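Novice:
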Amino acid sequence: KMSSGAADLRQRKKQNCTESDKMAPEERNKENSKLGRSPKYMLIQRFAKLFFGCLAAVTSGMMYAVYLSTYHERKFWFSSRQELEREITFQGDSAIYYSFYKELLKAPSFERGVYELTHNNKTISLKTINAVQQMTLYPELIASVLYQASGSEEVIEPVYFYIGIVFGLQGIYVTALFVTSWVMSGTWLAGMLTVAWFIINRTDTTRIDYSIPSRENWALPYFACQVAALTGYLKKNLNCSAEKFCYLLVNASTYTFMMMWEYSHYLLFVQAISLFLLDSFALAQTEKVHEVYRIYLFSLIVGYLLQFENSALLVSPLLSLVVALMLSKSLQMNMKKSTFVSRLLKIMYIYLVLTVAVTLNFLLKMFIPHKENEHLLKFIEVKLGLNTTKNFTMNWLLCQESLQAPSQDFFLRLTQSSLLPFYILVLIICLFSVTQVTFRRICGEPLKETVKLEDGRIGERPEIVYHVIHTILLGCLAMCLEGMKYLWTPYVCMLAAFGVCSPELWMTLFKWLRLKAVHPILLALILSTAVPTIIGFSLWKEFFPRIMTELTELQEFYDPDAVELMTWIKRQAPVAAVFAGSPQLMGVIKLCTGWMVSSLPLYNDDDLLKRNENIYQIYSKRSAEDIYKILTSYKANFLVIEDSICNEVGPVRGCRVKDLLDIANGHVVCEEGDNHVYSKYGRFCHEIKMNYSPYVNYFTRVYWNRSYFVYKINTVISFQS
Numbered sequence: 004k005m006s007s008g009a010a011d012l013r014q015r016k017k018q019n020c021t022e023s024d025k026m027a028p029e030e031r032n033k034e035n036s037k038l039g040r041s042p043k044y045m046l047i048q049r050f051a052k053l054f055f056g057c058l059a060a061v062t063s064g065m066m067y068a069v070y071l072s073t074y075h076e077r078k079f080w081f082s083s084r085q086e087l088e089r090e091i092t093f094q095g096d097s098a099i100y101y102s103f104y105k106e107l108l109k110a111p112s113f114e115r116g117v118y119e120l121t122h123n124n125k126t127i128s129l130k131t132i133n134a135v136q137q138m139t140l141y142p143e144l145i146a147s148v149l150y151q152a153s154g155s156e157e158v159i160e161p162v163y164f165y166i167g168i169v170f171g172l173q174g175i176y177v178t179a180l181f182v183t184s185w186v187m188s189g190t191w192l193a194g195m196l197t198v199a200w201f202i203i204n205r206t207d208t209t210r211i212d213y214s215i216p217s218r219e220n221w222a223l224p225y226f227a228c229q230v231a232a233l234t235g236y237l238k239k240n241l242n243c244s245a246e247k248f249c250y251l252l253v254n255a256s257t258y259t260f261m262m263m264w265e266y267s268h269y270l271l272f273v274q275a276i277s278l279f280l281l282d283s284f285a286l287a288q289t290e291k292v293h294e295v296y297r298i299y300l301f302s303l304i305v306g307y308l309l310q311f312e313n314s315a316l317l318v319s320p321l322l323s324l325v326v327a328l329m330l331s332k333s334l335q336m337n338m339k340k341s342t343f344v345s346r347l348l349k350i351m352y353i354y355l356v357l358t359v360a361v362t363l364n365f366l367l368k369m370f371i372p373h374k375e376n377e378h379l380l381k382f383i384e385v386k387l388g389l390n391t392t393k394n395f396t397m398n399w400l401l402c403q404e405s406l407q408a409p410s411q412d413f414f415l416r417l418t419q420s421s422l423l424p425f426y427i428l429v430l431i432i433c434l435f436s437v438t439q440v441t442f443r444r445i446c447g448e449p450l451k452e453t454v455k456l457e458d459g460r461i462g463e464r465p466e467i468v469y470h471v472i473h474t475i476l477l478g479c480l481a482m483c484l485e486g487m488k489y490l491w492t493p494y495v496c497m498l499a500a501f502g503v504c505s506p507e508l509w510m511t512l513f514k515w516l517r518l519k520a521v522h523p524i525l526l527a528l529i530l531s532t533a534v535p536t537i538i539g540f541s542l543w544k545e546f547f548p549r550i551m552t553e554l555t556e557l558q559e560f561y562d563p564d565a566v567e568l569m570t571w572i573k574r575q576a577p578v579a580a581v582f583a584g585s586p587q588l589m590g591v592i593k594l595c596t597g598w599m600v601s602s603l604p605l606y607n608d609d610d611l612l613k614r615n616e617n618i619y620q621i622y623s624k625r626s627a628e629d630i631y632k633i634l635t636s637y638k639a640n641f642l643v644i645e646d647s648i649c650n651e652v653g654p655v656r657g658c659r660v661k662d663l664l665d666i667a668n669g670h671v672v673c674e675e676g677d678n679h680v681y682s683k684y685g686r687f688c689h690e691i692k693m694n695y696s697p698y699v700n701y702f703t704r705v706y707w708n709r710s711y712f713v714y715k716i717n718t719v720i721s722f723q724s
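Below, the structure written as structure tokens:
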């Protein structure tokens, strides 16, 4: 019975596809004959519109990639730097990603390089890690294969090839946003406006300026392609070939996105909720939505297998939600009829899906061992005020700017570029229209097969409803965590541009206002061209000079103290030496010198989190003996102390590293009653510089400059004064 039902479903889809393909030309021919236009003329017009639109989309992406490359060159002076000076520009986790890319290129073969990464014991002391799984190094694997297979060794340096791929992906990102806005509005003028707003608000749309190799810079372009394809796939009356193309693109981009970023399944979970709500009120074709669910399921299974049986994917909320939706599908079949029973079933369906999803996720976490993302749950508890902690790592994460609520400056910047006001206007109109359509559906009124401009019902278009729900969910996350703005703001640009360029949106507004003085269709067509043109000219006048100034202004990022430190390590330190210090600095040392380190700036492994907290104790009020025991337990030979951390003057009280350590260690507790508990030891990073006993018994200073102090950890302890 199930197989025959599936066959009937496929047969109906084929029939619908062929019917739409046959009906579309007939309807177009009737319209053309009414307007006195020949089919040949209309075909040429459509081809010209498509050609120039695609040309504008590709050109926008290429220009943005060139802009990023030029800006990067002006900021870092890459072409005039030595290799060491270039590598120092990669900070924190970015340095680790690029260091593994270098190791792959140095390996005698690609297979040997992959094996060394999956059995890596030359990066962190006393620890063998699967770097490909733990750090999601598939971008580096692909980049190294492309670099060697394309014969680029004699043409371009590895660092230029690497950052060139990332900048190229950002160009694809912008092109995908362009296409999404174009598909929704029907005019590529919306795409141009999307790109303009994206570049002007670059501070809030991308982190490419600060961290080129970060995982989201590799992954989000694929997600943007997936959203563009999904937008086309959800459209009504789509011809068969276009539907198949969109379906295949959704497939490929979803899978690739999941392989590029370890947190991708959380973003897909938000998208799945949007589709679930869209389908629950019968605002989209159920078959299409469930096809997307199958894509999620397939991507999770393949991702689990290729990511070395990553248990985080099995306990992800996305898998639980998709399985619950699949199990509840039979109940949804009876909800299409406009009866009182069907309305009750609709409420039961939503309740059932949520209950099954939560229960299934709880059971999976109970029976499947997983540790990868436990710290995220603890962080969310503390962030929401459900729990308090003195844990150094949790409090350090809470103090990060990206995990704070967005500042007023963020909203001010979006308002100054006119993005936020137009986004709010478009969102309100779309939201009210969607609410109207949903109410009609609950009352039993069917959706129209084709929504015409004069109908003024933009809320009946499933792709519009999806984007409204999606942008609201992402916006809620962005209001809680500033780092989420990089996911939300690009789609704010896209939705706002679509709205002001869409005649349907203006017509929906005029239907509510009941305009009689001016013909509403004519006014909607005029405003959909005039408003974006005025916005475009005002943005050009105000922001184009600033962008050109950025490209012509000579900037310089240079850290001579770090260069001197790396040079000393490469020349003076033994090859088998292990360095200890802040995780961010250890990442740079690993990249620039290749020496083994005791910790890394990674936050998805409990052991590494504990290591980072222990080694950060060099900035706490602990005894020399305690610090010596901690460092020798990780087989460290050299200790690097950063003056910027030791003498840090943070803008937020209690968020400096040394403050967080004092709170965690119970050495200084400042409450409302001004209670103070002091340690009997001075701050280690200060005391060690004094060169007196017992510090000189455990540590010997071997190098220093204005920013860094390097101490050799003595193997034989001398207690002579």
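Heads up, the sequence shown is in this note's numbering, so the first residue is 4 and it goes up one at a time. Just so you know, even glycine gets a beta-carbon here, dropped at the ideal spot from N, CA and C. Note that the coordinates shown come from a computational prediction; the quantities given were computed from them, not determined experimentally.
1. Is the distance from the Cβ of Y299 to the Cβ of Q173 below 9 Å?
2. For S314, I'd like the list of residues in its chain whose CB is within less than 6 Å of its CB, leaving aside the five on either flank, ordered along the chain.
3. How should N694 be labelled, buried or exposed, when 16 other C-beta atoms within 10 angstroms of its C-beta is the threshold for buried?
4. To which residues of the same chain is L775 closer than 8 Å at the C-beta, ignoring the five residues directly before and after it?
5. When you compare only the Cα positions, how much space is there between E674 and L664?
6. Any idea what DSSP makes of W80, helix, strand or coil?
7. Any idea what DSSP makes of V566, helix, strand or coil?
8. Give the DSSP-derived three-state secondary structure of Y706 in the structure shown.
9. Compare the beta carbon distance of V162 and R89 with 9 Å and say whether it is the shorter of the two.
10. Whole angstroms are fine: how far does the CA of G584 sit from the CA of P604?
11. Start and end of the alpha helix (DSSP H) containing F170?
12. Between the Cα of I691 and those of G189, A51 and Y631, spot the shortest distance and give me the residue it belongs to.
13. Hey, out of Y101, Q151, I644 and A627, whose CA is closest to S2's CA?
14. Is there contact between the segment 520 to 528 and the segment 41 to 51, where contact requires at least three CB pairs shorter than 8 Å?
15. So, under 8 Å CB-CB, A197 and L180 are touching, yes? Tell me the CB distance rounded to an integer number of Å.
16. Here's the rule I'm using: 16 or more other beta-carbon atoms within 10 Å means buried, otherwise exposed. How should H670 be labelled?
17. Just the Cα atoms here: how many angstroms apart are Y469 and G539?
18. Where does I371 sit, in a helix, a strand or coil, going by DSSP?
19. Roughly how far, in whole angstroms, is the beta-carbon of E651 from the beta-carbon of V660, given that I think they are within contact range, below 8 Å?
20. Using the DSSP secondary-structure output, state which residues sit across from N123 in a beta bridge.
21. Is DSSP giving Y118 helix, strand or coil here?
22. To the nearest whole angstrom, what separates the beta carbons of L422 and F414, a pair I think is in contact under 8 Å?
23. Could you give the first and the last residue of the continuous alpha helix (DSSP H) run that contains Y606?
24. To the nearest angstrom, report how far apart G478 and Y489 are at their CA atoms.
25. Measure the CB-CB distance between V581 and N617 and report whether it falls below 9 Å.
26. Apart from the five residues on each side of it in sequence, which residues of its chain come closer than 6 Å, Cβ to Cβ, to I166?
27. So what does DSSP say about F712, is it helix, strand or coil?
28. Taking all protein chains shown into account, decide if W509 is buried (16 or more other Cβ within 10 angstroms of its Cβ) or exposed.
Specialist: Working from what's here:
1. On the sequence shown, residue 299 is found 296 positions in, with the first residue counted as 1. On the sequence shown, residue 173 is found 170 positions in, with the first residue counted as 1. Result no, Cβ atoms of Y299 and Q173 do not sit closer than 9 Å.
2. As a first step, residue 314 is located in the sequence shown; it is residue number 311 there, counting from the start. So the qualifying residues of the chain are I371 and H373.
3. Taking the sequence shown and counting its residues from 1, the one referred to as residue 694 is at position 691. Classification for N694: exposed.
4. Limits of the chain in this structure are 4 at one end and 724 at the other, which puts residue 775 out of reach.
5. On the sequence shown, residue 674 is found 671 positions in, with the first residue counted as 1. On the sequence shown, residue 664 is found 661 positions in, with the first residue counted as 1. Reliability of the predicted coordinates at E674 is poor, the pLDDT of 49 falling under 50, and the value obtained from them is presented with this limitation in mind. Their backbone Cα atoms lie some 16 Å apart in a straight line.
6. As a working note, residue 80 is residue 77 in the sequence shown. W80 falls in the coil class under three-state DSSP.
7. What you label residue 566 is simply residue 563 of the sequence shown in a count that begins at 1. In the structure shown, V566 sits in a helix (DSSP, three-state: H, G or I).
8. Here residue 706 is taken as the residue at index 703 of the sequence shown, counted from 1. It is a strand residue.
9. In the sequence shown, the residue the question calls residue 162 occupies position 159. In the sequence shown, the residue the question calls residue 89 occupies position 86. Cβ distance < 9 Å, so V162 and R89 count as in contact.
10. Here residue 604 is taken as the residue at index 601 of the sequence shown, counted from 1. Here residue 584 is taken as the residue at index 581 of the sequence shown, counted from 1. Straight-line Cα distance between these residues: approximately 11 Å.
11. By 1-based counting over the sequence shown, the position of residue 170 is 167. Where F170 is concerned, the enclosing alpha helix (DSSP H) stretches over P161 to S188.
12. Stepping through the sequence shown from its first residue, residue 691 is reached at position 688. The shortest C-alpha separation from I691 is found at Y631.
13. No answer is possible for residue 2: it lies beyond the span of the chain, which begins at 4 and ends at 724.
14. no
15. By one-based count along the sequence shown, residue 197 stands at place 194. By one-based count along the sequence shown, residue 180 stands at place 177. Residue identity differs from the one stated: residue 197 is Thr in this sequence, not Ala. Yes, T197 and L180 are in contact; Cβ-Cβ is about 5 Å, under 8 Å.
16. Numbered from 1 along the sequence shown, position 667 holds the residue referred to as residue 670. It is buried - the Cβ of H670 has at least 16 other Cβ atoms within 10 Å.
17. In the sequence shown, counting from the first residue as 1, residue 469 sits at position 466. In the sequence shown, counting from the first residue as 1, residue 539 sits at position 536. Answer to the nearest angstrom: the Cα atoms are 27 Å apart.
18. For the purposes of this step, residue 371 is taken as the residue at position 368 of the sequence shown. Coil, per DSSP.
19. Numbered from 1 along the sequence shown, position 648 holds the residue referred to as residue 651. Numbered from 1 along the sequence shown, position 657 holds the residue referred to as residue 660. Rounded, the Cβ-Cβ distance is 6 Å, consistent with contact.
20. Here the question's residue 123 lines up with position 120 in the sequence shown. I132, per the DSSP bridge assignment.
21. Translated into positions along the sequence shown, residue 118 becomes position 115. Helix, per DSSP.
22. Residue numbering aside, residue 422 sits at position 419 when the sequence shown is read from its first letter. Residue numbering aside, residue 414 sits at position 411 when the sequence shown is read from its first letter. So it is not a contact: roughly 10 Å between Cβ atoms.
23. The residue given as residue 606 occupies position 603 in the sequence shown. Y606 -> no alpha helix (DSSP H), and no H or E assigned at all.
24. Locating residue 478 in the sequence shown gives position 475, counting from the first residue. Locating residue 489 in the sequence shown gives position 486, counting from the first residue. Roughly 11 Å separates the two Cα atoms.
25. Within the sequence shown, residue 581 is the residue found at index 578, counting from 1. Within the sequence shown, residue 617 is the residue found at index 614, counting from 1. In this structure, N617 does not lie closer than 9 Å to V581 by Cβ.
26. As a first step, residue 166 is located in the sequence shown; it is residue number 163 there, counting from the start. Answer for I166: I215, listed in chain order.
27. What you label residue 712 is simply residue 709 of the sequence shown in a count that begins at 1. Strand, per DSSP.
28. Translated into the one-based positions of the sequence shown, residue 509 becomes position 506. Answer is buried; the Cβ neighbour count reaches 16.
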